[in-house]
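K.L.:
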Amino acid sequence: SSGINAEYGHVSLNLTIRRTFGLYANVRPAKSVPGVITPYSKEGVDCVIMRENTEGEYSGIEHQVVPGVVQSVKLITRDASRNVAEYAFQYAQDHGRKNIVALHKANIMKMSDGMFLEQCREVAARYPEINYREMYLDSACLKIVSDPSKFDVMLMPNLYGDIFSDLTAGLIGGLGLAPSGNMGKDGIAIYEAVHGTADDLVEANKGNPTALLMSGLMMLRHMGLKSQADKIEAAVLETLTERKVITGDIGGTATNPEYADEICRKIRG
Amino acid sequence: VVSTQSTGQTFQHYFKQINLRTMLRRISSPAVSIGRAAVSTSAVPRTKYGGKTTVTLIPGDGVGPELAESVTTIFKEMAVPVEFEKIELNREQMKDEGSFDYAIKSLKRNGVGLKGVINRSADFRHHNLEFRGGLDVYANVVRCMSFEGIQTHHTGIDLIAIRENTEGEYSSLEHESVSGVVESLKIITQEKSMRIAKFAFDYAREHNRKKVTCIHKANIMKLSDGLFKACCKEVSEDYPMIEYEEQIVDNTCQQLVINPQQFDVMVMPNLYGNLVSNLAAGLVGGAGVVPSKSYGENIAVFEPGARHTWMEMKGMYVANPAAMVLSSAFMLKHLQLHEAGDLLIKAVKNVINRREVQTRDLGGSSTTPEMTRAFLNELDTLYKNQ
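Chains A and B, in that order, are what the protein sequence lines are.
Once you know that position 38 of the first sequence is 38 in the working numbering, the rest is easy, because the numbers rise by one and skip nothing.
Once you know that position 107 of the second sequence is 107 in the working numbering, the rest is easy, because the numbers rise by one and skip nothing.
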């Protein structure tokens, strides 16, 4: 039969930024948004995913060993695992979060995920007031769709974090509402919405800025501007709860600027 | 109240008739294997003595033995012509390599197995993996269907997750190249990707399904998942009647919690298969109600869909036996004992949907034996009403 050619792509700009600034921890909170009803709104979702952001399955090291056999390398290092674990526990302490669960597949990937867990345990020992557990990733998938309210902070390597954080975004209403932050060394922090470019919505100004706005609020809090962030957040949540001036993706008819104006009006009081 | 003695005798008589009919049917009809996959999902029964088929039973760890007990109880009362070759294979037994090799031999010989989950023992290789790799049980099929009687966040789900079960991230090839740096290899081969793709499309066609979705992460893992995706695409061209689409795994997980009804048949490599089948099982009611079937060239293994041993509850008889019993029912169908299999499936579904007897995972407080008894009573009723 004819050989199968896998496609090659260009190196992503996102990846370049991540590498240039050493953004080692990706923080993705998922909190139920009032006014956006999902099957999970009743029990409510309020969790944070801490995802290792530099290595793991995203090392980009792949080769065709012989025609028809490809190997892809997943890299786990002690340092990167420790960095993200330290950030996670510190974040939990700073934000009053009581539980951290490490998600892994160390039953299958004993050495790599095993090393990741080792680092998590070492850091956990330094934060006795935070309740630390470990859970298999597949168990977590099973449990979170049954009762997401039981999940608080979740710590995991790169690939699992990517998949799982999209899952949690789905629980609260989709990527259009998902903010995120990327932490680098020396206090560098870059915040971004997780969703794609949505080119089809650009001309009509129909994009939903909530995700980017929430990311901005995460940034303000990181900078110590908590009261300002709280004020803006209250206005955003009020606008969403009222459901009068909201964008199309969550069931409204307002444009991006109209939605923003409404929030500003509420801030002015 | 019908005594179990008479129930057993009634079933025995019933199944004696079935066996004869099945045998006659086999003789008179031509071989049905037009355009089949390399493996046929319906077996040729291996008959041993007195028309009974021998099947390997491996209860496994945790609540496994209790669930296996439910199955043996039900099969005994139904007087199904199946004999179990029971092999105790759990953490303690693992220390003896011999018992493990014997289990493999037994499965090879019998060609059909029913099993629970075996916990990883610290010193030995991961046995669930060895099972699949050594026996080349390469296709794991988990069908997740909503139950009317189980309250879940979504309804109307009916998807089939087909997972390549021998390679990918589960290759167990890891090394610490430098201190503090571990490399774990994920292997994707054209041969196995083509094989699972063909299995998925054949399965879809055999079961009148309309769409196959290839789940991958080829945007990041361009070579490995790229190869998998390309194989699926190539195979899809041989099945123009079946719709084919591709989806990135993160989006899949998101879509599963927003709109799971859109999925039909899904085919994917090992790890994503693990996540997606667990996720989907959680959507329809959890590990206690979802069965699975796994196929190799000449072997079929039936086990609960979400592989969790639930060690904390071992010996307490609180686990839901539905998943294990449904798996055993699918095994009966695989052995061409369709009437028995269908009856058992219907009985389990009726009991679950009626919500009178519910184990802890379904919100009740019934025990495993109580649930088993409920299945048996329902079987009795169904048989009488035929």
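No residue lacks a Cβ here, since even glycine has one placed at the ideal position from N, Cα and C.
Got a sec, what are the start and stop residues for the alpha helix (DSSP H) T144 of chain A sits in?
P.N.:
Looking at the sequence shown, residue 144 of chain A is not Thr but Ile. 137-144 is the span of the alpha helix (DSSP H), which, as asked, contains I144 of chain A.
K.L.:
Is there a Cβ from chain A that is less than 8 Å from the Cβ of L89 of chain B?
P.N.:
For L89 of chain B, the answer is no, since every Cβ of chain A falls outside 8 Å of its Cβ.
K.L.:
Report yes or no: do three or more beta-carbon pairs, one from the region 150-165 of chain A and one from the region 43-52 of chain A, lie closer than 8 Å?
P.N.:
Segments in contact, yes.
K.L.:
For G113 of chain B, which residues does DSSP report across the bridge?
P.N.:
Paired residue(s): B:T56, B:V301.
K.L.:
What does the alpha-carbon distance come out to for the pair S139 of chain A and K115 of chain B?
P.N.:
In a straight line, the C-alpha of S139 of chain A is about 19 Å away from that of K115 of chain B.
K.L.:
What residues from the region 129-154 of chain B come within 7 Å of chain A, judged by C-beta to C-beta, listed N to C?
P.N.:
Listed by position along the chain: H153, H154.
K.L.:
Say whether chain B places a C-beta atom closer than 8 Å to the C-beta of S139 of chain A.
P.N.:
Interface residue, yes.
K.L.:
Residues of the region 163-181 of chain A in Cβ contact with chain B at a cutoff of 9 Å, in chain order, please.
P.N.:
Those residues of the region 163-181 of chain A that come within reach of chain B (Cβ to Cβ, closer than 9 Å) are I163, F164, S165, D166, L167, T168, A169, G170, L171, G173, G174, L175.
K.L.:
Judging by CA-CA distance, which residue of B:A161, B:G62, B:G113 is the nearest neighbour of I87 of chain B?
P.N.:
Selected option, being the one with the closest Cα: B:G113.
K.L.:
Whole angstroms is fine: what's the gap from V207 of chain A's alpha carbon to Y191 of chain A's?
P.N.:
The sequence shown places Gly at residue 207 of chain A, rather than the Val named in the question. Straight-line Cα distance between these residues: approximately 18 Å.
K.L.:
Should V289 of chain B go down as buried or exposed, given a rule of 16 or more other Cβ atoms within 10 Å for buried?
P.N.:
Under this definition V289 of chain B is a buried residue.
K.L.:
Contact defined as beta carbons within less than 8 Å: I believe S70 of chain B pairs with P260 of chain B. What is the distance between those atoms, to the nearest angstrom?
P.N.:
Rounded, the Cβ-Cβ distance is 29 Å, inconsistent with contact.
K.L.:
Between B:K192, B:E174, B:F100, which lies nearest to N107 of chain A when the distance is taken from Cα to Cα?
P.N.:
Among B:K192, B:E174, B:F100, the Cα nearest to that of N107 of chain A is on B:E174.
K.L.:
Identify whether F201 of chain B lies in helix, strand or coil by the three-state DSSP scheme.
P.N.:
Helix, per DSSP.
K.L.:
Between N26 of chain A and the rest of its own chain, which residues show a CB-CB distance below 7 Å, the 5 nearest in sequence each way excluded?
P.N.:
R51, N53, G161, S180, N182.
K.L.:
Label L13 of chain A either buried or exposed according to how many other C-beta atoms from any shown protein chain fall within 10 Å of its C-beta, with 16 as the threshold for buried.
P.N.:
With fewer than 16 Cβ atoms within 10 Å of its Cβ, L13 of chain A is classed as exposed.
K.L.:
Do you know how far the Cα of L225 of chain A is from the Cα of N278 of chain B?
P.N.:
Taking the straight line joining both Cα atoms gives about 41 Å.
K.L.:
What residue range is occupied by the uninterrupted beta strand (DSSP E) comprising V249 of chain B?
P.N.:
Here V249 of chain B belongs to no beta strand (DSSP E); instead the alpha helix (DSSP H) covers 249-258.
K.L.:
Rounded C-beta distance between N131 of chain A and K105 of chain A? I'm assuming under 8 Å.
P.N.:
The Cβ separation is near 22 Å, so there is no contact.
K.L.:
If you follow the beta strand (DSSP E) that Y170 of chain B is part of, which residue opens it and which one closes it?
P.N.:
168-178 is the span of the beta strand (DSSP E), which, as asked, contains Y170 of chain B.
K.L.:
Could you tell me if R218 of chain B is buried or exposed, where buried requires 16 or more neighbouring beta carbons within 10 angstroms of its beta carbon?
P.N.:
Note on identity: in this sequence residue 218 of chain B is Ala, with Arg being the wrong assignment. That one is buried.
K.L.:
Report yes or no: is there a C-beta of chain A within less than 8 Å of the C-beta of K115 of chain B?
P.N.:
No, K115 of chain B does not count as interfacial toward chain A.
K.L.:
What does I49 of chain A touch in chain C if you count any residue whose Cβ is under 9 Å from its own?
P.N.:
The displayed structure is made up of protein chains A and B, and chain C is not among them.
K.L.:
What runs of the alpha helix (DSSP H), each 4 residues or longer, lie entirely inside the region 179-261 of chain A?
P.N.:
Taking only runs of at least 4 residues, the alpha helix (DSSP H) segments lying wholly in the region 179-261 of chain A are 210-222, 226-242.
K.L.:
How far does the alpha helix (DSSP H) with F444 of chain B in it extend, from its first residue to its last?
P.N.:
Look at the range of chain B in this structure, 1 to 386, and you will see that residue 444 of chain B is not part of it.
K.L.:
If we ignore side chains and look at the alpha-carbon of each, how far apart do D123 of chain B and L137 of chain A end up?
P.N.:
In this prediction, D123 of chain B scores a pLDDT of 43, lower than 50, which makes its location untrustworthy; no coordinate-derived value is stated.
K.L.:
Determine the DSSP secondary structure at G173 of chain A, reduced to helix, strand or coil.
P.N.:
Note: G173 of chain A maps to coil in three-state DSSP.
K.L.:
With the cut-off set at 8 Å, would you say E167 of chain B and I188 of chain B are in Cβ contact?
P.N.:
Taking 8 Å as the Cβ cut-off, E167 of chain B and I188 of chain B qualify as a contacting pair.
K.L.:
Return the chain-ordered ranges of every beta strand (DSSP E) run that is complete within the region 51-114 of chain A and spans a minimum of 3 residues.
P.N.:
62-66, 69-77, 99-104, all fully within the region 51-114 of chain A.
K.L.:
To test your reading of the DSSP string, which unbroken alpha helix (DSSP H) runs of 4 or more residues are found completely within the region 264-349 of chain B?
P.N.:
Runs of the alpha helix (DSSP H) inside the region 264-349 of chain B: 270-284, 322-334.
K.L.:
Just grab the DSSP bridge partners of T359 of chain B for me.
P.N.:
Paired residue(s): B:S366.
K.L.:
Tell me which same chain residues have a C-beta within less than 7 Å of the C-beta of R25 of chain B, skipping the five on either side of it?
P.N.:
Its pLDDT being 45, under 50, R25 of chain B is placed unreliably by the model, and the measurement read from it follows with that caveat. Same-chain partners within the cutoff: there are none.
K.L.:
Output, in chain order, the set of chain B residues within a Cβ distance shorter than 9 Å of I37 of chain A.
P.N.:
Under the 9 Å cutoff, chain B gives no residues; its nearest Cβ is about 12 Å from I37 of chain A.
K.L.:
Per DSSP, C47 of chain A is paired with what?
P.N.:
For C47 of chain A, which the question treats as bridged, DSSP gives the partners A:A30.
K.L.:
Any beta carbon from chain B within less than 8 Å of G196 of chain A's own beta carbon?
P.N.:
No, because no Cβ of chain B sits closer than 8 Å to the Cβ of G196 of chain A.
K.L.:
Could you check what DSSP says for Y244 of chain B in three-state terms: helix, strand or coil?
P.N.:
In the structure shown, Y244 of chain B sits in a strand (DSSP, three-state: E or B).
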